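**Student:** This structure is in structure tokens; I'll ask about it shortly.
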Amino acid sequence: MEIKQDLDKVHLQYLFDNALDVAVLVDPSGNVCRVNSYFERLFALKEEEIIGKSIIDIAFPPHSRNRAKQAILELQKGEKIELSEVQCMRKDETTFLCRVVVFPILFNSKVASIYVVFYDLTQKNEREKQLLYASAVVKESPVVFFRLKADEGWPIIYASENVSRWGYTSELLVRNENSYLGIIYEEDREKIIRQVRFYEEAGREEYELEYRILTGKGDIIWVNEMASVLRDDYGRALYYQCAVKNVTTRKEAEIALSLNYHKMSRAWDQTIEVMAITTEMKDPFAMGHQKRVASLSCAIAVKLGLKKEEVHNLEKAALVHDIGRVEIPSELLSKPGPLTDAEFELVQTHSEIGFAILSRIDLSWPLAEIVHQHHERIDGSGYPRGLKSDKILLPAKIISVADIVEAMTSHRPYRPALGIDAALDEIEKLKGVALDETVVDSCVKLFRENEFSFIDE
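In structure tokens form, the structure reads like this:
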């Protein structure tokens, strides 16, 4: 019997010492009996330094000790106690955030000893700090940050201040731990629950969602959510950190395009025109720009001998080539002075935004890719991908020439119109270098042989 008891002790000691958790064994009064190597490393303490000493005094700073004492008192009921977030303290008195789980070890229905496990939440805390910092930096941005508990309804425990743009206040959302699910538009809730459950079961650490929410003012808006999952040591989701952006303009444009594609051709044409007008309404100085670019592009295409269907498709692409500007701040589009480097880089993203909007439409011709490429140059000096001649579609080459000519002959906030002669001189300088030679030649002939002129609609 004694041999078996000794063997059991050896087995238990082995399990304790080799547990992957940060663990300590204390007596019913809270005095340390044993600690494992993970505890020694986390708290920077050796077992021999703390045997017989109070775990409360050793592991918790003064402001956390009452909470720890209360947990040990409640433990006398014989049930596990969990402190979800509590400050702990190392030997050098530096503090860090932990989740602490306290297990009673019973003998004859009484607490004989106590097994305490510490889960270091430092990494989680650092992520939260980074999120708070990012929130401060982008306070005026359209991105709203949330931190949600991975509990039923997803209680909100952090919301960035710019949630006010949606008619809510951060303080009230957090104070009441309002359900994030509650602000998701009712028709979308079940779908989002299923998607999140799928990502959780797949062990995904990051995911992207799009859905509608109900604002505090009662409006319905579309949002894009980029989320990361914070898990415990067992892989269970604890929190979601979410960056949520209003994408109503883009989403409505996508929906409008998708719906109208399945209607008669004229309805499709009208939708394209409406989108062009919607885009240009953000920049009064560019009103009619896309329509004039489309008109010149079609004339060039005819001059080059393109087929009727190709000309028709080119016209539609030119009419929405700047659709990505719907997500560029209006103040940048109409800024009277030169743009800063950062502002110019932001404006340049409109090609990629336009591609993102239009690529969701299932067409038999590459509308989205044409829009994506309209600022590329044959020598690779363009953007966003620095494509060279053989990688750039002919319709994109045509639009790029027409875009330059129209822009130079039109008034802009930062300069007057430069005139058609200056525009033609400019594209001839770029011919064969940045712009396609045959496209430039066709464009120049149209004007110099009086076969084309811009007519303001």
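Position 319 of the sequence shown, counting from 1, maps to 319 under the UniProt record's numbering, and the rest follow consecutively. Backbone N, C-alpha and C fix where the C-beta goes; we use that ideal spot for every residue, glycine too. It should be emphasised that the depicted structure is a prediction, and the values quoted were computed from it without experimental measurement.
(1) According to DSSP, simplified to helix, strand and coil, what is Tyr414?
(2) Give the list of continuous beta strand (DSSP E) stretches no shorter than 3 residues that lie fully inside the region 135 to 165.
(3) So what's Val100 in DSSP terms, helix, strand or just coil?
(4) Excluding the five sequence neighbours on either side, which residues of its own chain have a C-beta within less than 7 Å of the C-beta of Tyr207, listed in chain order?
(5) Closest to Asp219 by CA distance: which of Glu186, Lys191, Val229 and Pro62 is it?
(6) Taking the CB atoms as reference points, tell me whether Lys316 and Leu238 lie closer together than 9 Å.
(7) Spatial neighbours of Ile114 within its chain, please: C-beta separation below 8 Å, excluding the five flanking residues on both sides.
(8) For Glu201, does the count of other Cβ atoms within 10 angstroms reach 16, so buried, or fall short, so exposed?
(9) Quick one: which unbroken alpha helix (DSSP H) runs of 4-plus residues sit fully inside the region 417 to 447? Chain order, please.
(10) Just confirm the distance between the C-beta atoms of Glu426 and Ile404, as a whole number of angstroms; I'd bet it's less than 8 Å.
(11) From Asp99 to Leu209, what distance separates their C-alpha atoms?
(12) Could you pull out every unbroken alpha helix (DSSP H) segment of at least 4 residues lying fully inside the region 313 to 354, listed in chain order?
(13) Taking C-alpha atoms, which residue in Thr248, Val223, Glu254 and Lys91 lies nearest to Ala368?
(14) According to DSSP, which residues form a beta bridge with Cys242?
(15) For Glu449, count neighbouring Cβ atoms within 10 angstroms of its own Cβ and tell me buried if that reaches 16, exposed if not.
(16) Along the chain, where does the beta strand (DSSP E) containing Glu110 start, and where does it finish?
(17) List the whole-angstrom C-beta distance separating Val229 from Val144, where the pair is believed to meet the contact cut-off of C-beta under 8 Å.
(18) Return the chain-ordered list of same chain residues with a C-beta closer than 7 Å to the C-beta of Ala422, the five sequence neighbours on each side being excluded.
(19) Expressed to the nearest angstrom, what Euclidean distance is found between the alpha-carbon atoms of Val111 and Thr95?
(20) By DSSP, does Thr95 sit in helix, in strand, or in coil?
(21) For Asp8, collect the residues of the same chain with a Cβ closer than 8 Å to its Cβ; drop the 5 residues on either side in sequence, then sort them by chain order.
(22) On the CB-based measure, 16 or more other CB atoms within 10 Å of its CB, does Ile361 come out buried or exposed?
(23) State the start and end residues of the unbroken alpha helix (DSSP H) segment that holds Val405.
(24) Give the secondary structure of Glu82 by DSSP, where H, G and I count as helix, E and B as strand, and everything else as coil.
(25) Going by DSSP, which residues form a beta bridge with Leu106?
(26) Please list, in chain order, all residues of the same chain as Leu446 whose beta carbon is under 8 Å from its beta carbon, the five residues on each side excluded.
**Tutor:** The short version:
(1) As a first step, residue 414 must be located in the sequence shown, where it is residue number 414. Here Tyr414 sits in coil by DSSP.
(2) The qualifying runs are 143 to 149 and 156 to 159.
(3) If you number the sequence shown from 1, residue 100 lands on position 100. Three-state result, Val100: strand.
(4) Counting from one through the sequence shown, the residue named residue 207 turns up at place 207. Counting only Cβ-Cβ distances below 7 Å, and skipping sequence neighbours, we find Tyr199 and Ala227.
(5) Taking the sequence shown and counting its residues from 1, the one referred to as residue 219 is at position 219. Answer by Cα proximity: Glu186.
(6) Working through the sequence shown from its first residue, we reach residue 316 at position 316. Working through the sequence shown from its first residue, we reach residue 238 at position 238. Cβ distance not < 9 Å, so Lys316 and Leu238 don't count as in contact.
(7) Here residue 114 corresponds to residue number 114 of the sequence shown, with the count starting at 1. The answer, listed in chain order, is Leu25, Val26, Asp27, Pro28, Gly30, Ile72, Leu75, Val102, Phe103, Pro104 and Ile105.
(8) Translated into positions along the sequence shown, residue 201 becomes position 201. Glu201 should be labelled exposed.
(9) For the region 417 to 447, whole alpha helix (DSSP H) runs of length 4 or above, ordered along the chain, are 420 to 430.
(10) Locating residue 426 in the sequence shown gives position 426, counting from the first residue. Locating residue 404 in the sequence shown gives position 404, counting from the first residue. Yes, they are in contact, since the Cβ atoms of Glu426 and Ile404 sit about 7 Å apart, within 8 Å.
(11) By 1-based counting over the sequence shown, the position of residue 99 is 99. By 1-based counting over the sequence shown, the position of residue 209 is 209. According to the sequence provided, residue 99 is Arg. The question's Asp does not apply to it. Taking the straight line joining both Cα atoms gives about 30 Å.
(12) Here the runs fully enclosed are 330 to 333 and 341 to 348.
(13) Taking the sequence shown and counting its residues from 1, one reaches residue 368 at position 368. Ranking Thr248, Val223, Glu254 and Lys91 by Cα distance to Ala368 puts Glu254 first.
(14) In the sequence shown, residue 242 corresponds to position 242, counting from 1. Cys242 pairs with Phe146 and Ala227.
(15) Position 449 of the sequence shown, counting from 1, holds the residue named residue 449. Exposed.
(16) Here residue 110 refers to the residue found at position 110 when the sequence shown is read from its first residue. With the sequence shown as reference, residue 110 is identified as Lys, and Glu is not the correct amino acid for it. Looking at the DSSP string, the run of the beta strand (DSSP E) that includes Lys110 is Lys110 to Asp120.
(17) By one-based count along the sequence shown, residue 229 stands at place 229. By one-based count along the sequence shown, residue 144 stands at place 144. With 8 Å as the limit, Val229 and Val144 do not qualify as a contact, their Cβ atoms being about 19 Å apart.
(18) Looking up residue 422 in the sequence shown gives position 422. Counting only Cβ-Cβ distances below 7 Å, and skipping sequence neighbours, we find Met408.
(19) The residue you call residue 111 lines up with position 111 of the sequence shown. The residue you call residue 95 lines up with position 95 of the sequence shown. In a straight line, the C-alpha of Val111 is about 29 Å away from that of Thr95.
(20) Within the sequence shown, the letter at position 95 stands for residue 95. Residue state, collapsed to three classes: strand.
(21) Position 8 of the sequence shown, counted from the first residue, corresponds to residue 8. Its pLDDT being 42, under 50, Asp8 is placed unreliably by the model, and the measurement read from it follows with that caveat. If the five residues before and after Asp8 are omitted, its C-beta is found closer than 8 Å to no C-beta atom of its own chain.
(22) In the sequence shown, the residue the question calls residue 361 occupies position 361. Its Cβ having fewer than 16 others within 10 Å, Ile361 is exposed.
(23) Here residue 405 refers to the residue found at position 405 when the sequence shown is read from its first residue. For Val405, the enclosing alpha helix (DSSP H) begins and ends at Leu394 to Met408.
(24) The sequence position of residue 82 within the sequence shown is 82, counting from 1. Strand, per DSSP.
(25) Position 106 of the sequence shown, counted from the first residue, corresponds to residue 106. DSSP output for Leu106 lists Val111 as bridge partner(s).
(26) To locate residue 446, count along the sequence shown from 1; it is residue 446. Counting only Cβ-Cβ distances below 8 Å, and skipping sequence neighbours, we find Leu296, Ala299, Ile300, Lys303 and Phe452.
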